[in-house]
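Data block below; observations after.
Residue numbers (my numbering): 2 to 64.
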């Protein structure tokens with residue numbers, strides 16, 4: 002069974018013009034505002050090469 006990713010909640014303060022732009026962008030891409038923010042953050046981390054590498058599961062399971 003796939004391992005479930007854990008998420009952390011936090012409060013983010015954003016000025017209203019920025020929030021309006023994020024909400025419009027999210028609507029254009031058929032995402033929630035939260036989903037759009039997660040995508041923006043993930044893309045920024047990936048481009049900066051700061052996103053942790055995914056772990057490969059090479060273990061085989063025998064039953």
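Don't be surprised by glycine CBs; every beta carbon is placed ideally from N, CA and C.
Quick caveat: nothing in here was measured; it's all calculated off a predicted structure.
Just measuring C-alpha positions, the residue of 38, 45 and 47 sitting nearest residue 15 is 38. Between residue 34 and residue 44 the beta-carbon gap is near 16 angstroms, outside 8 angstroms, which marks them as no contact. Listed in chain order, the beta strand (DSSP E) runs fully inside the region 4–47 amount to none, counting runs of at least 3 residues.
With a cutoff of 9 angstroms on beta-carbon distance, residue 36 and residue 49 are scored as not near each other.
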